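Following: one structure in structure tokens, then a few remarks.
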Ligand SMILES: [Mn+2]
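In this note's numbering, the protein residues as written are 54 to 349.
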């Protein structure tokens, strides 16, 4: 039987109490509009992670040794977005209070609202860095204010946010950006350039919550997302940025959302011998982050 822990890490390094990193799978999906299937994301990422090498060549370490514990899937309050957000906030707050670095796996982007709410009960002065192809600044979408398409709008009502990788938005959102004088880092202005990395970091407070909507990456490396969008960030520029970010800032919590595995990505015989790119890329990105966050 395949274990359900991230990285298939031996017990000694995946015990809850001793683990510095907690993987929290949240297969919440209610409002995805284009492709359905983000609720399959957490399991697919965990499965793929079991095929990774646990040694990281870049940092010359074995990041799992800081302890990575994977919780069972969180499914409370899924019948309404507000209830889910509230329940997830309580869960996250409990984990943050124990000093754990929590990495939530979505699910759709709405998961971020619960995580940030939970963090806000413990920490006051933090900013939110959102990597996303979409502005997500609609006030409401398809009759709900809690759509994945409204996440940044809800966040900005109470928090300081910085958006990076944007390349898809509506006229309403463009007007809102102008009105509020927001300065998102559009993909067109950063791809292939370097100065933006320091600029993003300078706009953040010392403590940061990081939300990774996987569609910020170029679909050539991660096509299986809920709402793919051409022209995203590449692998190495992403790693370079995340490494710099983790050096300069204290990262308090993370979510990785909107992976939408296709049947090919999760079909068992293919997965075991040859993990499909999207889910494997997602797992590897998370492990890279853990490496950066836990090595000097
Ligand atoms: Mn998005």
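Quick reminder that beta carbons are idealized off the backbone N, C-alpha and C, glycines included.
Note that this is a predicted model, so its numbers are computed, not measured.
Helix, strand or coil: how does DSSP classify residue i here?
i, result
"residue 330", "helix"
"residue 233", "coil"
"residue 299", "helix"
"residue 291", "helix"
"residue 76", "strand"
"residue 199", "coil"
"residue 194", "strand"
"residue 270", "strand"
Taking only the alpha-carbon atoms, compute the straight-line gap between residue i and residue j and give it to the nearest angstrom.
i, j, result
"residue 92", "residue 231", "34 Å"
"residue 323", "residue 103", "Residue confidence is low: residue 323 scores 47 on pLDDT, short of 50, so the model does not pin down where it sits. No coordinate-derived value is stated."
"residue 249", "residue 298", "12 Å"
"residue 68", "residue 131", "27 Å"
"residue 139", "residue 286", "32 Å"
"residue 60", "residue 97", "12 Å"
"residue 272", "residue 109", "24 Å"
"residue 257", "residue 182", "8 Å"
"residue 270", "residue 314", "15 Å"
"residue 275", "residue 341", "16 Å"
Tell me the DSSP bridge mates of residue i?
i, result
"residue 239", "219"
"residue 278", "312"
"residue 263", "182 and 307"
"residue 345", "Residue 345 is not bridged to any residue."
"residue 213", "180"
"residue 286", "270"
So, is the C-beta of residue i closer than 8 Å to a C-beta in chain C?
i, result
"residue 307", "Protein chains in the displayed structure number just one, and chain C is not present."
Does the beta-carbon of residue i, which I'm using as the reference point, lie nearer than 7 Å to any heavy atom of ligand 1?
i, result
"residue 186", "yes"
"residue 311", "yes"
"residue 268", "yes"
"residue 165", "no"
"residue 280", "yes"
- Message: To test your reading of the DSSP string, which unbroken alpha helix (DSSP H) runs of 4 or more residues are found completely within the stretch 106-181?
- Response: 134-150 and 164-173
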